Amino acid sequence: MKEYFWTLLFLTALTQPVYPCSSFVLKNGKTVLLGKNFDWTFDQGYIIKNSRTTTKNAYCTHSGTPASWTSKYGSITFNQNGKEMPYGGMNEKGLVVEMLWLEDTRFNISDNKNYLNELEWIQYQLDNFQAVDEVVANIENLKIYPIKGKIHYILADTNGKSVIIEYLDGKPKIYEKEANSCQAITNKSVVFSEKYIDNLQGIPKKNTSEIYRYHQLENQIKKLKGQNDFSEKTAFQMLKSISIPNGVFKTVWSIVYNLESKTISFLSHSHKKTKQINLSNIDFEQGLSYFNINQDSEVVLDTKLNPFAEQTNFEMVSASFTHLGFDMDISKELSEHQFNQKLTTQSYFSQNYFHFDISIPMLEAGKRLMFVVMDSENNFNRRVAVTGGYLFGTTSIGTAIRHIYGLKNGSYAMISLIDENKNSKLDFDIDGVPVERYATFSDYKPKSMAEISFKNTSNYFTIDNSKLTIEWR
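Per our numbering, the sequence shown starts with residue 102, numbered consecutively.
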């Protein structure tokens with residue numbers, strides 16, 4: 102039974118669902134549209150109107166210096182994690198910023214620069230810049246120190262320029278498209294995705310596959326010819342064609358930004374009537390306001406936004422952060438910070454959470470590598486890995502690095518295996534000596550499958566010992 106457990110441990114952990122989302126920019130010299138499917142396991146959220154001339158400080162996540170700024174432009178954003186931490190939005194000048202999950206993301210968290218988190222980065226761009234070129238010109242000024250997300254960004258402006266920004270090795274990689282050149286992205290890097298524009302060999306033909314969705318978008322873009330093809334109707338049709346209607350991960354919001362008219366149209370999986378807001382009709386000098394995304398009672402929201410209070414913000418933050426596995430203490434502190442905007446050098450997050458930086462040396466090529474990290478005995482027994490805490494593939498000589506963000510101080514188990522005979526388990530000889538290279542977080546040396554447990558493969562971690570290189574046995 103233990104042997105069967107071990108096999109399932111790896112196979113289940115390494116076939117967890119991906120974190121889907123899809124986005125594209127359509128443009129033809131006049132019209133500029135950015136479409137986004139937000140695919141997630143949690144569907145609550147608000148649209149928020151953010152005012153001009155608001156002084157802000159990033160939430161403290163570690164011992165560095167949080168960024169500070171005053172917003173130049175008002176914006177409309179889509180939020181689950183409170184004001185200042187949107188998933189995307191448009192500002193009054195027509196700049197749009199959206200994000201999608203990218204597992205290969207590696208932010209340079211040790212860089213000596215003022216910082217903000219991965220979602221504050223979105224609000225910062227909307228607050229300060231009106232064009233893609235400005236964002237690119239200033240991108241090295243601050244670093245991203247994330248709370249949880251491993252994401253890349255897609256941006257577009259009224260000039261017709263669009264860009265995808267990815268952090269793959271600690272530095273931003275910029276992939277620009279000029280006017281008249283459309284752009285698409287899902288949940289793989291630009292360089293990896295582009296290999297599959299015309300090739301689907303070995304790729305599952307289903308919308309839960311990020312490469313299949315990317316392939317679909319690129320091929321639909323190729324078919325756009327006349328002016329009428331570049332319309333909000335077309336954009337919504339494209340979003341529907343790559344949506345995930347059912348399952349744990351499903352398309353919860355579909356959004357189309359019209360940069361020419363500065364309007365945002367959207368619908369949710371639970372409330373399918375298309376709603377719209379026109380930024381030209383919004384007074385961004387007035388205070389914060391919001392509206393629930395999941396409703397069909399109002400369609401034109403220009404004058405329907407409600408005053409936004411800290412208690413309402415907290416209710417949203419706590420629901421989302423609880424879903425993400427964070428403590429209620431963080432929800433309370435973060436929501437208060439988002440409203441009082443005090444500059445602090447210490448927080449509950451900085452004292453109680455850390456980011457793993459795990460190096461996995463690979464000495465031979467062509468072997469099967471399995472790697473999984475679990476955060477509790479319960480999840481060990483259920484075969485559930487932490488977000489980003491799994492790796493499965495073929496080795497090449499060098500070092501693989503896993504970055505796992507937003508873990509609470511505590512005990513974590515790790516099992517890594519060079520699976521020589523590809524049977525998804527660690528093999529022992531007759532004397533109980535492992536015959537394949539393996540590694541754990543513990544010094545304990547198992548002599549049989551019965552000794553593989555959370556306790557025997559774990560150690561206690563904080564920010565002080567969170568950067569490590571595994572040692573093969």
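The C-beta atom is built at its ideal place from N, Cα and C for all residues, glycine as well.
On a predicted model such as this, the values are computed, not experimentally measured, just so you know.
Beyond the five residues adjoining it in sequence on each side, Y539 comes within less than 8 Å, by CB distance, of I516, S517, L518, I519, L527, W573 and R574 in the same chain, given in chain order. The Cβ atoms of Y513 and D476 lie closer than 8 Å to each other.
Relative to Q231, the option among K157, S342 and K363 whose CA is nearest is K363. In the same chain as K173, and ignoring 5 residues on each side of it, the C-beta atoms closer than 7 Å to its own belong to R153, D228 and N229, in chain order.
Setting aside the 5 residues that flank it on each side, Q284 is surrounded in the same chain by V126, S263 and K278, each with a C-beta closer than 6 Å to its C-beta; the list follows chain order. Assignment of K556 by DSSP, reduced to helix, strand and coil, places it in the helix class. Straight through space, the alpha carbons of S559 and Y358 are spaced by roughly 47 Å. Out of I298, E193, G271 and K323, the CA that lies nearest to the CA of I312 is found in I298.
Under DSSP, H504 forms a beta bridge with D458. Contact check for Y225 and P167: beta-carbon distance about 11 Å, past the 8 Å limit, so the pair fails to qualify. W573 carries a coil assignment under DSSP once its states are collapsed to helix, strand and coil. Under the three-state reduction of DSSP, H316 is assigned to helix. Taking a contact as a CB-CB distance under 8 Å, the pair C122 and N288 counts as one, their CB atoms being some 6 Å apart.
By the 16-neighbour rule on beta-carbons within 10 angstroms, R314 is buried. Contact check for N407 and F385: beta-carbon distance about 16 Å, past the 8 Å limit, so the pair fails to qualify. Leaving aside the five residues that flank I275 on each side, the residues in its chain whose CB is nearer than 7 Å to its CB run, in chain order, V237, V264 and I266. Cβ-Cβ separation between G189 and M339: approximately 17 Å, too far for a contact (criterion under 8 Å). Taking C-alpha positions only, S332 is separated from K131 by approximately 11 Å. Excluding sequence positions up to five before and after D270, its CB lies within less than 8 Å of the CB of R207, all in the same chain and listed in chain order. In the displayed model, K157 falls within a strand according to three-state DSSP.
Following the DSSP letters along the chain, one finds D140 inside the beta strand (DSSP E) bounded by residues V133 to W141.
Of the residues assessed, T541 falls on the buried side of the cut-off, its CB having 16 or more other CB atoms within 10 angstroms. Rounded to whole angstroms, the Cβ separation of D212 and V353 is 34 Å, and the two are not in contact under 8 Å.
The shortest C-alpha to C-alpha distance from I223 to any of T500, E193, M186 and I378 is the one to M186.
With a cut-off of 8 Å on Cβ pairs, the segment 457 to 471 is in contact with the segment 489 to 496, counting three or more such pairs. A straight-line Cα-Cα distance of about 30 Å links P247 and I378. Judged by beta-carbon spacing, H372 lies within the 8 Å limit of D397, meaning their Cβ atoms are closer than that value.
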